[in-house]
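Heads up: the sequence shown is residues 11 to 143, going by the working numbering. In what follows, a single structure is set out as structure tokens and then discussed.
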Amino acid sequence: MEKATKNLIVEVSAGIVIFTAVLLLGSFFLYPRASVFAGLLLGMVLALAMFFSMALVLDRSMKSQDPRTVQKRGIISAAVRYLLLIAILVIAINWFSDRFNPVAVVIGVLGLKAGAFLQPVIHRIASRKDNNK
């Protein structure tokens, strides 16, 4: 992987973690339940796993020369990724809803979107710190 790609992965991952930290802090004041905290953390782990999976597939696809292989690999990996996500959500909702708040898990998974939106801001902050050194 190139250095720029690694930096991008770190920046989006940081965005996911920051989003979850803000939600944990907010839920501490608004709805302080252990199941909410556990649900947000599970959602963050799922979001990070999905993002790392996407990053690996995209990195491998960029190295491939065959467009059909890239397309097949992308479709199959996306299908597997979302089937696993749905299976984990169903298991968490059906069997572990007393330990993991299902709404908090879904909100935690949305950290993947928040991480993508926060990446430009984190990149600017990180590049500013690099320029000051």
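Quick reminder that beta carbons are idealized off the backbone N, C-alpha and C, glycines included.
F127 is classed as exposed because its beta carbon has fewer than 16 other beta carbons within 10 Å across all chains shown. Judged by DSSP in its simplified three-state form, L120 adopts coil rather than helix or strand. Taking a cut-off of 8 Å for Cβ pairs, the segment 95 to 102 and the segment 30 to 42 do not touch, as fewer than three such pairs fall below it. The beta carbon of L122 lies closer than 7 Å to those of I26, A57, M60 and F61 in the same chain, with the five residues before and after it left out. The three-state secondary structure of E21, taken from DSSP, is helix. For D69, the enclosing alpha helix (DSSP H) starts and ends at A44 to K73. Three or more Cβ pairs closer than 8 Å define a contact, and the segment 97 to 113 meets that threshold against the segment 35 to 48. Per the coordinates, the alpha-carbon of I86 lies some 39 Å from the alpha-carbon of Y41. DSSP places Y41 outside any alpha helix (DSSP H), giving it a letter other than H or E.
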